[in-house]
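Worksheet for the structure shown next.
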Amino acid sequence: MGMDFSTLRTLISRYCVGEENWVDSRTIYIGHKEPPPGTEAFIQQRYPDNRIVSSKYTFWNFIPKNMFEQFRRVANFYFLIIFLVQLMIDTPTSPVTSGLPLFFVITVTAIKQGYEDWLRHKADNSVNQCPVHVVQHGKVVCKQSRRLRVGDVVFVQENETFPCDLILLSSSRDDGTCFVTTASLDGESSHKTYYAVQDTKAYNTERDVDSVHATIECEQPQPDLYKFVGRINVYMDNEPVARPLGSENLLLRGATLKNTEYIYAVVIYTGMETKMALNYQSKSQKRSAVEKSMNAYLVVYLCILISKAVINTALKYVWQADPNRDEPWYNDRTESERQRHILIRAFTDFLAFMVLFNYIIPVSMYVTVEMQKFLGSYFIMWDDEMFDDELGERAVVNTSDLNEELGQVEYVFTDKTGTLTENNMEFIECCVDGHVYVPHAICNGQVMPGAASMDMIDTSPGPEAREHEELFFRALCLCHTVQVKEEETVDGIKHGIHQGKSTSFYISSSPDEVALVEGMKRLGFTYLRHKDGQMEILNREDEVERFELLEVLTFDSVRRRMSVIVRASSGELYLFCKGADSSIFPRVVSGKVEEVRARVEHNAVEGLRTLCVAYRPLNSEQYEQVCHLLNAAKLALLDRDKRLAEAYDLIEKDLILLGATAVEDRLQEKAADTIESLHKAGMKVWVLTGDKMETAAATCYASKLFHRNTQILELTTKRTEEQSLHDVLFDLSRTVLRQHGGMTRDTFSGLSGDCTDFGLIIDGATLSAVMRPDQMDSNSGNYKEIFLEICRNCSAVLCCRMAPLQKAQIVKMIKTSKEHPITLAIGDGANDVSMILEAHVGIGIMGKEGRQAVRNSDYAIPKFKHLKKMLLVHGHYYYIRISELVQYFFYKNVCFIFPQFLYQFFCGFSQQPLYDTAYLTLYNISFTSLPILLYSLMEQHINMDILKKDPSLYRDIAKNSLLRWPIFIYWTILGVYDAIVMFFGAYFLFDNTTFTSNGQLMTTNTQMMFGNWTFGTLVFTVLVFTVTFKLALDTHYWTWINHFVIWGSLVFFVVFSLLWGGIIWPFLNYQRMYYVFMQMLSSGPAWLSIILLITASLLPDVVKKVIWRTLWPTTTERIQNADKLYKGQLSEFTPLASLHAPPKASSHRRGSENQRNPPNPQRSESYNKKIMFTRWQRTPDYRTFTPLLRFADGSHHLKQGNAYSGAGPETSV
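If you read the sequence shown in the numbering used here, its first letter stands for residue 314, the second for the next number, and so on.
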């Protein structure tokens, strides 16, 4: 058999599954009508129905599929094996002890996942069963959405949502257009215009539409919302007329019909083949650093478990080597057991010890962590400070698995437009042939009142320039995709073209275009409407000018320009083109290029968004060539985009430059404050944008990413043209490393006081050269490493002219560098999705560029300013809480199981359990689980206001500092110590014959009562109280809920023990705990021993904390101490920097990093705000903070003379 499996699969799919699985295009018969005889073969293809399935499970596969997914987790699979071992061999503990916790964890998870999937099923059914109107036999009939088939003609009315992907045939509007909002797809609430097929737009009744005889050929389904290639063959007298179909004809499922009474459209993609369904991409599973630490600790504890079992098995056979110690007389082994091979017996004993000690692996930790993440995520969604009144939106949590990762971020990658800025454009000025026009300030060269203070370079245009000026204004009124909405109010806001008349307003998918058209209106040229192929303009003389719109060469991110071809009423043909300066200037053959270029660069430095405008007059022959080129490209089914791009390139040439525009995109509220706070918290902020370098750099200065004393390093195309990339990189590397003495600055060490603050600017072309260097260059191999070295030593980096894929490449490059830092990407548009998915944490902003970023992100926030609280407060709390949860779980399980290990040395390694089955089962489920769960939800080790006010506290938890190996080992040693104290303390007390019961020496009978189970119960009682008190000592934030749960869990343990041992339970075969707990508590020494052992267990940890806090306090601990002195009112006092640990000469211990501050800071803020003094020298100026330090020293006398008097730098809060 020479045929390989791939060929066989292809043949099977081709002949068995259906033709649509392998052909490149599909043919759709409108209304399911066969084409006329002789035209083409009628091949009815099979397509899926219109059902949407977002659910994961069905009724039949839920249990097997869910079980398979859950047992893929190592911990669950491990406990399943232990449970099966208990069932198969004679083990010391009942299978219930591991089976019940496992069953509880699996059940809780299955119920949670099942409920979430049931909600998805419910949502699917509501969509699939909604009514849809379909044209059949000349009548409109109603059917369920899921019953729609490809080829059906549907009737959709205003404000209805499209049930699947449709091609527009006709509409209630005479010109065959309709208006659509795609808010549910990409978040754009603006009205977009779609066009009916030219030959069918006149069919606007059921009978007319039913008589249409046509077929559609189009590409197979693909997820790009903005791309569609097809053609329609309309049969006129059995002769097909071919027309191109593009994205302007395609109505997407989920979009809504607006401002149009009704439409008729044909179904082309259904169900899971619609573009909306294809965008339900499954995101790769992101794992947090804490989860990785948990798994590493789990491996360590698994090794400890195996070593315990091996040691006990070996010692058992050493102990039993003496025939006198073989087995007690009452436990005589059967003959069959004696005859088994020693290796089989040893392996069985090894498994039995594994079962006995398996509780050191905390299975319930996983379910507790799941619950903590799920419930904890609601605190973000409920946070009123992260609610935006303007949008009416709250923060959204799309995945709760990364909550603690918010507290570990080292690099922040942010988009510029719509993220740092508002994406709310305002027309500032335009420049025509070097003459500047500012609306309501300069018009026709006349300076208006109130404009005297403006920076202007303007001379009155002469008569010859007047023509160019008006041509420029007309170009901007015609070269756009703006629509005029004729409606009085939208969302309660009145819009109007004519002042005082609420008649119409402009809508567009691009805010830049609306700003430009409104700017022209303020300069005297008003765009009125586009109707029946005619664009109407009202000029300065209040005359209406009409232009026939012939072609639109749409904007795309590669060309970075758009064009229109229009015919004036006089018959003249014009090509008007507008776009980025980098795409217009190379195509210009005449015009005042240098004057316009100078103004463009001036405006870019000011942070304004600039566009250049040019035109080209066409004669009839040129226009015919243009039409031929465009039609040939539009009708192509294969490589249509490529052929269109080639056609556009040939058409948009030999242009005459008219001028340029400047539009301002304002910074978002508190964007600068947020970036400054992130810097102080030790994070490095990178701005990744598609804008030109000058505009982006101006925004970076305004947002305080760069300061005026920042030394800017440029790695741009302009510089690499003068020098080779190799030389530029080595020059920059020398500059940076010379300043730092050849030492690479640690990511989180911040900037020392005498260290130059570097900022790097790189553009997309240079980045491509760095990432994919020329293979011919022998020195090119280490470019990426040198680039990373430069970046590590820069406090901020600006990447401009970035393509979306390059944004993701940069994030990946930093993410996979040798330090493996935690990265966060934040953006608001579809072009940011790739970097949001690539980063460890992806945050979407609910902006004006759509909701794709929000849909693909892990978290979504209304504004950039909310990032500050999300990281500095929520992230900080989540990390503190979950790190304590993980360490505490391992600690309490060491305390729990190590006495069991020690007990084997005193029971002949007979695998006798120390604790009763009920205690083994309920220890992690009931007695100790709720207090730590509540701690991990409620704990606030520092006041929220202080965390916001002093971002440097974020450094105390940097680089997973609370889950490092030394801290893990400390917790483990503490658990072993507590276990030894509990076991041997109880053992020596039992061993003492003066241990009395009811005040008398033990008799033989009472000695029986104080035996194995009493000993185990005493140890277990001390254990439960010790681990609960340990958590109480670690709790800083007490509420009535904490008190209720912590003390309530202890009361529950006592009550359960009394009931478990105080009643004869009929369902138990034997009751070894009967009256044991009461007997133990009836003894006075037992009470004393419990108190003494709890104290002895907790004392070393308390002493260690006191010494450490006194001698080597972290910044966090200093603030906690001061907060107690001020009785929780520290947030009202502003001088926090005195509480920072002083810098050390050699090393940084637990968060004593230097503040990131330049040597000679300049601040522009006024001093009338609340201020927080910060340390700018190598040692803090304690004179500044005398009042607070006097409190700390025990002196309660405040003197007015100790107030801050120096005119030093300060940071506004």
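We put the CB at the ideal spot given by N, CA and C, even for glycine.
Taking Leu1412 as the centre and dropping the five residues before and after it, the same chain places no C-beta closer than 8 Å to its C-beta.
Membership of Phe396 in the alpha helix (DSSP H) is indicated by the continuous run Val387 to Met401. In the three-state DSSP reduction, Asp845 falls in the coil class, being neither helix nor strand.
Residue environment: His992 is assigned as buried (16 or more neighbouring CB atoms within 10 Å of its CB, all protein chains considered). In this chain, Trp1351 is not harboured by any beta strand (DSSP E), its DSSP state being neither H nor E.
Under the three-state reduction of DSSP, Ala984 is assigned to helix.
The three-state secondary structure of Ile1376, taken from DSSP, is coil.
A distance below 6 Å between beta-carbons, with the five flanking residues on each side excluded, links Ile1293 to no residue of its chain. Taking Cys491 as reference, the option from Leu482, Tyr507, Asp362 and Ala893 with the minimal CA-CA separation is Tyr507. Close CB contacts of Tyr1236 within its chain, under the 7 Å cut and outside five residues either way in sequence, are with Phe1209 (chain order). Under DSSP, the beta-bridge partners assigned to Gly1140 are Gly1157. The Cβ neighbour count for Arg779, taken over all protein chains shown within 10 Å, is under 16; the residue is labelled exposed. If one requires a minimum length of 4 residues, the alpha helix (DSSP H) runs lying completely within the stretch 643 to 724 are 648 to 652, 655 to 670 and 676 to 694, in chain order. Its chain contains Gln796, Val797, Glu849 and Leu862 as the residues whose beta carbon lies nearer than 8 Å to that of His843, once the 5 sequence neighbours on both sides are disregarded; these appear in chain order.
Listed as beta-bridge partners of Cys925 by DSSP are Gly892 and Ala973. Each of Thr867, Phe860 and Ala788 was checked against the Cα of Lys834, and the nearest Cα belongs to Ala788. In the structure shown, Ile365 adopts coil according to DSSP, grouped into three states. Around the C-beta of Tyr1350, fewer than 16 other C-beta atoms lie within 10 Å, and the residue is accordingly described as exposed. In the three-state reduction of the DSSP assignment, Gln1119 falls in the helix class, which pools H, G and I. The three-state reading of DSSP puts Tyr1228 in coil, since its state is none of H, G, I, E or B. Non-local C-beta neighbours of Pro1175 in its own chain, meaning closer than 6 Å and more than five positions away in sequence, comprise Asp701, Leu704, Glu706 and Met1159, ordered along the chain. Per DSSP, the beta bridge partners of Asn546 are Thr528 and Ala555. In the three-state reduction of the DSSP assignment, Cys455 falls in the strand class, which pools E and B. With fewer than 16 other CB atoms across the displayed protein chains lying within 10 angstroms of its CB, Gln1036 is exposed. DSSP places Lys1417 in the uninterrupted alpha helix (DSSP H) bounded by Gly1397 to Leu1424. The criterion of a C-beta distance shorter than 8 Å is satisfied by Trp1326 and Val1389.
Per DSSP, the unbroken alpha helix (DSSP H) holding Gly1329 starts and ends at Asn1325 to Asp1347. In the three-state scheme derived from DSSP, where H, G and I count as helix and E and B as strand, Asp954 is classed as helix. Taken atom to atom, the span from the alpha-carbon of Asn572 to that of Thr518 is near 19 Å. Ranked by Cα distance from His1187, the first of Thr528, Ile1255, Asn1169 and Tyr1232 is Ile1255. About 7 Å separates the beta carbon of Tyr928 from that of Leu968, a gap short enough to meet the 8 Å contact definition. DSSP places Glu864 in the strand class (E or B) of the three-state scheme.
With a contact defined as Cβ atoms closer than 8 Å, Val676 and Pro476 miss out at about 47 Å. By the neighbour-count criterion, in which a residue is buried when 16 or more other Cβ atoms sit within 10 angstroms of its Cβ, Ala555 is exposed. Pairing Ser483 with Lys514 gives a Cβ-Cβ distance under 8 Å.
Taken through DSSP and simplified to helix, strand or coil, Met996 comes out as coil.
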